[in-house]
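> Protein chains in written order, with this note's numbering: chain A, 1 to 208; chain B, 1001 to 1208; chain C, 2001 to 2208; chain D, 3001 to 3208.
The C-beta atom is built at its ideal place from N, Cα and C for all residues, glycine as well.
Everything numeric in this text was worked out from a predicted model, so none of it was measured.
Here it is, the structure, as C-alpha cells.
There are 4 protein chains.
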Amino acid sequence: MDSRRAESFSDGVFAVAITVLVFNLLTIADKTAGHLTRQAFLSYWPAYFAYVVSFLTIGIMWLNHHTMLSAVTRVDRVVLVLNLLLLMGVVAIPFPTALIAAHLNNGAGGKVATVTYGLVMIAIGFGYGSMWIYLAAHQKELGARRRVRTPRLSTARFTAGNVGYISGTVIAFFVPVAALVIYGLLAVYYLFQHLPDPAADGDDQPGN
Amino acid sequence: MDSRRAESFSDGVFAVAITVLVFNLLTIADKTAGHLTRQAFLSYWPAYFAYVVSFLTIGIMWLNHHTMLSAVTRVDRVVLVLNLLLLMGVVAIPFPTALIAAHLNNGAGGKVATVTYGLVMIAIGFGYGSMWIYLAAHQKELGARRRVRTPRLSTARFTAGNVGYISGTVIAFFVPVAALVIYGLLAVYYLFQHLPDPAADGDDQPGN
Amino acid sequence: MDSRRAESFSDGVFAVAITVLVFNLLTIADKTAGHLTRQAFLSYWPAYFAYVVSFLTIGIMWLNHHTMLSAVTRVDRVVLVLNLLLLMGVVAIPFPTALIAAHLNNGAGGKVATVTYGLVMIAIGFGYGSMWIYLAAHQKELGARRRVRTPRLSTARFTAGNVGYISGTVIAFFVPVAALVIYGLLAVYYLFQHLPDPAADGDDQPGN
Amino acid sequence: MDSRRAESFSDGVFAVAITVLVFNLLTIADKTAGHLTRQAFLSYWPAYFAYVVSFLTIGIMWLNHHTMLSAVTRVDRVVLVLNLLLLMGVVAIPFPTALIAAHLNNGAGGKVATVTYGLVMIAIGFGYGSMWIYLAAHQKELGARRRVRTPRLSTARFTAGNVGYISGTVIAFFVPVAALVIYGLLAVYYLFQHLPDPAADGDDQPGN
C-alpha cells in the first residue's frame, strides 16, 4: 500500500482522537448544573490541565508519526499492523485523561489515574520504537526516500522518552499531581526539540 | 465518481468510527466517581477487552475496504449504495461493543450483547461479499486496474470469515465470554493473514 | 478557493456527522444497565429505525453535495457561506434523530421529535436549492467543468424532495411513526434514483 | 513539512470540532425524557442559539486558517507548534458553548459561561495574530507563494476582532445574553466581510 494512504487514515484518527479530548470538558457543563460559580468552574482545574497536557502530547505524536511514515513510500502488512496497534494506544489517550480529570484530587483515584496515564504512554512509546526499528530494518523493501536514521540513535531517543514516562509513572504512585506535571513537561520538551524534517527532500514532486 | 473520492469519504468514516470506541472507556471515569481503586478499575475489563477486539476488527475492515475499492478506478451508483450500507454496519460496531462493555458479566445481558455483536459482524460480512461480487462482475465498466480476483475465491474467503462469526454468535447464546474471545481471535487471524496488496501495481502514477 | 478544498473539509464534516449517529445507540447500553433482556433490547426499535433513516439520509446528502461542488472548479465567498449554512443543517441531523430515538413512542414527544426532524430536512433542502441556483447563475466565474444543469430542473427536483418532507412534517402532527416511515422512504427513493455523475468528465486529469 | 499536510490535519481537526457542537444538542433528548412538549423543546433556546454562533465562528476560523497556511508552501517547527496551540483553542470551543447552553439563563452561571466563551475567543485571536506575524516575518524561508500581506494591517484586523470579543467579554459580566448576541454578530460580520482569496493565484498547478 502506498504509505500516503496509511498516513491519511492515521491523520484522520489523530484528528478525531485529539478532538475527543474536549468531551472531558463537556461533562463539566452538566456536573455544574444550577451552581456554575467561578469557584465551581475553577475547581475543575485537573480537567483543564489534563486537556492541555494530552492535547500537546497527541499533537507531538502526530508529528512523530508523520516523521516516521514519510520516510518510506510503501508500507507492508507488518507496518500496517504495527500502525494499528500504535493508533490503538493513541486513541485510548482520552481515557486516562478522563480518569485524571475526574479523580486527580482524591487520593487513591488520582494514583490509579496517573499511573494508567503513564502506562499508556509507555506502551505507545514501545509501539513507536518497534515501528521505527522495523522501518529502518526494511528501508529497501519499503522504498525509503532517504536513508532512514539508524535505529540505534532512534532507539536511544525513544528510550529517553520512555525513561521520562517511567519516572512519571513511578512518581504517580506517591504524588499524582507531580506525575501530571512531568507528563506536561515531557510534552513541552518534545514540542520544542528540533526534529530533522524528513519530508523536506521528498515531498516536492507533482501531485504530492 | 472517481473511486478515490468514495474511498476518501469512507476513510473518514472508518477513522471516526474506530475512534468512537474510546467513548465506551470514557464513561468509566464517571461511573467510578469517588471510588476509583485498582480493583474498581480492573473490574471494567470487559470494556478494555471489547475495545481491543473492536479496534482491531474495524482496522482490518478498513484494510479490506481499501483492498476492494482500490481495485477499480470508478464507482457507480450501485457501488455507492452498497458502500453506504457497508459503512452503516461499520459505524454501528461501537454499539454492540458498548453493550458488551456494560453487560458481559451479567447473564442475560451478556448473551444479548455478544449475540448482537455477532449479528452485526455477519451483516457486515454479507455487505463485503455483495460489494466484492458486484465489483468482480462489473470490473470493465468500473475501470479495473487489474483483473479483480474471481468472486468464487473471494466468496469462499468471506464465507470462511462468516462461518467464524456465525459459530461465535451461536456460542454467545451459551458462553458470552467465549464468544468475545472468538471475535478477538478472528480479528487477530485476519490481521496476520497475508492479503495480496492490490495497490502495489496501480498506485505509482503521479498524483496518486 | 479551489473547490476541492471546500469539498475536502465538507467531506470531513459529513463523515463525522454520519458517525455521530451511533451515539444515539451508545446511550442504550447505559439505559439498560442491569436488565438487558431481548425485550428490553428490542423496545429501543425507534432508535434503530431512526439510525438507519438518518444514516441513509446523510449519505445521500453527501452524494448530492459532491454532485454540486464537483460541477465547478472554484468557490467564492458566497458559496463558502452557503456551504457553511448547509453543513450547519447536516451536522444538526443527529439531534432530531436523538429526539425520535428517545420520544417516538410517547404522544406529545413523538410529535415534537418528528416535526423537528421534518423542519430540519426542509431547511437543508432550501440550503441545497439556494446553493444550486447560485452555482448555476455564476458558473462562468466559478470555472464550471461542464454546463451546470439549468436551475429550473434542479429547483423542480429539490422542490419535489421538499414536498415529500413537507408532507411528512404535516403528517408528523398526527401520526409520528408514519412520518418517520415517510422520511425513510424518501431516503430509499433518492438512494436509487439515478443522478447523472458530473465528475465523470472532469476528474481524470493528473493529480486529481 | 509541506504546508498542505499541516493543513490537511488541521482541516480534520476543524471538521471534528465543528461537528462536536451537536453533542450539546444531543443531551436535550435525554433531559426531556418523558415530557418533550413544544414548550420544553423551545426552553432550550440557549443551546440552539449557542450552536449557531459557535458553528459560524468555527467555520470562519477554518476559512481564516486556510487563508493563512495557503500563503506558504512549507511550515517549520515553530509554525507547527503555533498551529497546535491554535487548534487547542479551536477544539475547546464546544466547552464554553456547552456552558452557555446549560447555564445562560441562570444568573451567575450565565456570567461564567459567556465570560469563558469570550476569553477562549480572545486567546484564539492572539493565536491567529502570532501565527500571522510569524508567517509574514519568515515568508522567504517558508516559500511564500505570494508576498504575505504586511503584518501591520493583519494585526490591525485581528486586533479589531479582539476588540469585539473583549467588549463582549466585558459585557458578559453584566448581561450574558447580550454578550452572546455580540459573539453572534461578530461571526456574521466576518462571514460576509470580503477576504482576498490568497489561494486564487497559487492553487492552479497540477496535482494541487
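Any beta carbon from chain A within less than 8 Å of A1033(B)'s own beta carbon?
Indexing the second sequence from 1 puts residue 1033(B) at position 33. Chain A, which has a Cβ nearer than 8 Å to the Cβ of A1033(B), makes this yes.
> So what does DSSP say about D2030(C), is it helix, strand or coil?
Indexing the third sequence from 1 puts residue 2030(C) at position 30. DSSP places D2030(C) in helix when its eight states are reduced to three.
> Could you check what DSSP says for R2005(C) in three-state terms: helix, strand or coil?
By one-based count along the third sequence, residue 2005(C) stands at place 5. Correct three-state label for R2005(C): helix.
> Report the three-state DSSP secondary structure of R3145(D) (helix, strand or coil).
Translated into the one-based positions of the fourth sequence, residue 3145(D) becomes position 145. Three-state result, R3145(D): coil.
> Look up R1074(B) in the DSSP assignment and give the residues it is bridged to.
Position 74 of the second sequence, counting from 1, holds the residue named residue 1074(B). DSSP output for R1074(B) lists D1002(B) as bridge partner(s).
> State the CB to CB distance for the pair F3023(D) and P3094(D), rounded to an integer number of angstroms; the pair is presumed to be in contact (CB under 8 Å).
Position 23 of the fourth sequence, counted from the first residue, corresponds to residue 3023(D). Position 94 of the fourth sequence, counted from the first residue, corresponds to residue 3094(D). Contact flag correct, Cβ pair sits at about 7 Å.
> At a Cβ threshold of 8 Å, is G3109(D) touching chain A?
By one-based count along the fourth sequence, residue 3109(D) stands at place 109. At least one chain A Cβ lies under 8 Å of G3109(D).
> Following the continuous alpha helix (DSSP H) through K2111(C), name the residue where it begins and the one where it ends.
Residue numbering aside, residue 2111(C) sits at position 111 when the third sequence is read from its first letter. 2107–2137 is the span of the alpha helix (DSSP H), which, as asked, contains K2111(C).
> Give the DSSP-derived three-state secondary structure of Y44(A) in the structure shown.
For the purposes of this step, residue 44(A) is taken as residue 44 along the first sequence, with counting starting at 1. Note: Y44(A) maps to coil in three-state DSSP.
> Compute the distance between the beta-carbons of L1084(B) and G2059(C), then report whether it is under 8 Å.
Residue mapping note: residue 1084(B) aligns to position 84 of the second sequence, counting from 1. Residue mapping note: residue 2059(C) aligns to position 59 of the third sequence, counting from 1. Result yes, Cβ atoms of L1084(B) and G2059(C) sit closer than 8 Å.
> Starting from L191(A), trace the alpha helix (DSSP H) in both directions and tell me its first and last residue.
Looking up residue 191(A) in the first sequence gives position 191. First-last of the alpha helix (DSSP H) with L191(A): 176–192.
> Any Cβ of chain A within less than 8 Å of the Cβ of D1002(B)?
One-based indexing of the second sequence puts residue 1002(B) at position 2. Not one chain A Cβ lies under 8 Å of D1002(B).
> Would a C-beta distance cut-off of 8 Å place G12(A) and G3012(D) closer than the cut-off?
Counting from one through the first sequence, the residue named residue 12(A) turns up at place 12. Counting from one through the fourth sequence, the residue named residue 3012(D) turns up at place 12. Yes, they are a contact pair.
> Is it right to say H3065(D) is buried, meaning 16 or more other beta carbons lie within 10 angstroms of its own, or is it exposed?
The count along the fourth sequence starts at 1 and reaches residue 3065(D) at position 65. Buried: at least 16 other Cβ atoms inside 10 Å.
> A1017(B) to L3082(D), Cα distance in whole Å?
On the second sequence, residue 1017(B) is found 17 positions in, with the first residue counted as 1. On the fourth sequence, residue 3082(D) is found 82 positions in, with the first residue counted as 1. Distance between the alpha carbons of A1017(B) and L3082(D) is about 29 Å.
> Using CA coordinates, which residue listed in A123(A), V115(A), L142(A), A172(A) is at the minimum distance from R74(A)?
Within the first sequence, residue 74(A) is the residue found at index 74, counting from 1. Nearest option by C-alpha distance: L142(A).
> Hey, does L2063(C) have any beta-carbon neighbour from chain D nearer than 8 Å?
Taking the first residue of the third sequence as position 1, residue 2063(C) is located at position 63. Not one chain D Cβ lies under 8 Å of L2063(C).
> Using a Cβ-Cβ distance under 8 Å, would R3005(D) count as near chain C?
Mapped onto the fourth sequence, residue 3005(D) falls at position 5. Output row for R3005(D): interface = no.
> Could you check whether L2069(C) and M2001(C) sit closer than 8 Å to each other, using their CB atoms as the reference points?
Counting from one through the third sequence, the residue named residue 2001(C) turns up at place 1. Counting from one through the third sequence, the residue named residue 2069(C) turns up at place 69. Cβ atoms of M2001(C) and L2069(C): not closer than 8 Å.
> Out of D2030(C), F2192(C), L2021(C), state which residue places its alpha-carbon closest to the alpha-carbon of V2052(C).
By one-based count along the third sequence, residue 2052(C) stands at place 52. For the residues D2030(C), F2192(C), L2021(C), the minimum Cα distance to V2052(C) belongs to L2021(C).
> Going along chain E, which residues have a C-beta under 9 Å from D3011(D)?
Included in the structure are the protein chains A, B, C and D, with no chain E among them.
> Using CA atoms only, rank isn't needed, just tell me which of G3168(D), N3162(D), H3138(D) is closest to T3114(D).
Start at 1 with the first residue of the fourth sequence, and residue 3114(D) comes out as number 114. Out of G3168(D), N3162(D), H3138(D), G3168(D) has the C-alpha closest to the C-alpha of T3114(D).
> State buried or exposed for W3132(D), treating a residue as buried only when at least 16 other CB atoms are found within 10 Å of its CB.
The residue you call residue 3132(D) lines up with position 132 of the fourth sequence. Result: buried.
> Going by Cα to Cα distance, which pick from L3191(D), L3025(D), F3173(D) is closest to R38(A)?
For the purposes of this step, residue 38(A) is taken as the residue at position 38 of the first sequence. Taking only the C-alpha atoms, the option nearest R38(A) is F3173(D).
> Is any beta-carbon of chain A found at less than 8 Å from that of T3027(D)?
For the purposes of this step, residue 3027(D) is taken as the residue at position 27 of the fourth sequence. Yes, because at least one Cβ of chain A sits closer than 8 Å to the Cβ of T3027(D).
> In whole angstroms, give me the CA-to-CA distance for T62(A) and V78(A).
Along the first sequence, one-based indexing puts residue 62(A) at 62. Along the first sequence, one-based indexing puts residue 78(A) at 78. First, the amino acid is wrong: residue 62(A) is Trp here, not Thr. Each residue's Cα considered, the two are about 20 Å apart.
> What separation, rounded to the nearest whole angstrom, lies between the Cα atoms of A3101(D) and V3170(D)?
Walking along the fourth sequence from the start, residue 3101(D) turns up at place 101. Walking along the fourth sequence from the start, residue 3170(D) turns up at place 170. So the alpha carbons of these two residues sit roughly 19 Å apart.
> Taking C-beta to C-beta, are L1191(B) and F1049(B) nearer than 8 Å?
Within the second sequence, the letter at position 191 stands for residue 1191(B). Within the second sequence, the letter at position 49 stands for residue 1049(B). Not a contact, by the Cβ cut-off of 8 Å.
> Can you tell me where the alpha helix (DSSP H) holding F3095(D) begins and where it ends?
By 1-based counting over the fourth sequence, the position of residue 3095(D) is 95. Element bounds for F3095(D): 3094–3103.
> Determine, using beta carbons only, whether R38(A) comes closer than 8 Å to chain D.
Mapped onto the first sequence, residue 38(A) falls at position 38. It does; some Cβ of chain D falls within 8 Å.
> Alpha carbon to alpha carbon, how far is K111(A) from A2033(C)?
For the purposes of this step, residue 111(A) is identified with residue 111 of the first sequence, where counting begins at 1. For the purposes of this step, residue 2033(C) is identified with residue 33 of the third sequence, where counting begins at 1. Near 28 Å, if we compare the C-alpha coordinates of A2033(C) and K111(A).
> Under a CB-based cut-off of 8 Å, is G161(A) close to chain D?
Numbered from its first residue, the first sequence carries residue 161(A) at position 161. No, G161(A) does not count as interfacial toward chain D.
> Only counting the same chain, and skipping five residues up and downstream in sequence, which positions put a Cβ closer than 6 Å to that of G1118(B)?
For the purposes of this step, residue 1118(B) is taken as residue 118 along the second sequence, with counting starting at 1. Answer for G1118(B): Y1165, G1168, T1169, A1172, listed in chain order.
> Rounded to whole angstroms, what is the Cα-Cα separation between R2004(C) and T1019(B)?
Position 4 of the third sequence holds residue 2004(C). Position 19 of the second sequence holds residue 1019(B). About 26 Å.
> Are A3015(D) and F2055(C) closer than 8 Å when you measure CB to CB?
Your numbering for residue 3015(D) matches position 15 in the fourth sequence. Your numbering for residue 2055(C) matches position 55 in the third sequence. No; because the gap between Cβ atoms is not below 8 Å, this pair is not in contact.
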